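Here our numbering is used: the first residue of the sequence shown is 914, the next is one more, and so on. Notes for the one structure printed next.
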Amino acid sequence: MKTTIDSAGRIVIPRDIRHAIGLEPGTVVEVEARDGGISIEPAATPVKIVKHGRLRVAEAVENQSTLTEAEVRAIREEIRGGR
């Protein structure tokens, strides 16, 4: 897909690409020059490691919406390749 950089240096990421990787309005992204090109990726969520009983778990530093059971199930299926 082709797009154009405007006079302010902005670029529109085509809708199909945004949907494919889950970019929504307000999503923070990392922009990096890499191997003569540009990489744009969703920014990682900052986490801290905390102890819960005998376990250590990662917790988001910022408030994040809680995933539903259905969302977790869908993510697991996607990772497993639909098995």
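Note that beta-carbon positions come from the ideal geometry of N, C-alpha and C, so glycine has one too. Note that this is a predicted model, so its numbers are computed, not measured.
Taking 8 Å as the cut-off, the beta carbon of I918 is found no closer than this to the beta carbon of I926. DSSP places E937 outside both helix and strand once states are collapsed to three, so it counts as coil. Contact between K961 and E972 holds: CB atoms are separated by about 6 Å, below the 8 Å threshold.
I934 sits away from V944, with the two beta carbons spaced by 8 Å or more. Listed in chain order, the non-local C-beta contacts of V974 below 7 Å within the same chain comprise P959, V960 and K961, local neighbours out to five positions each way being set aside.
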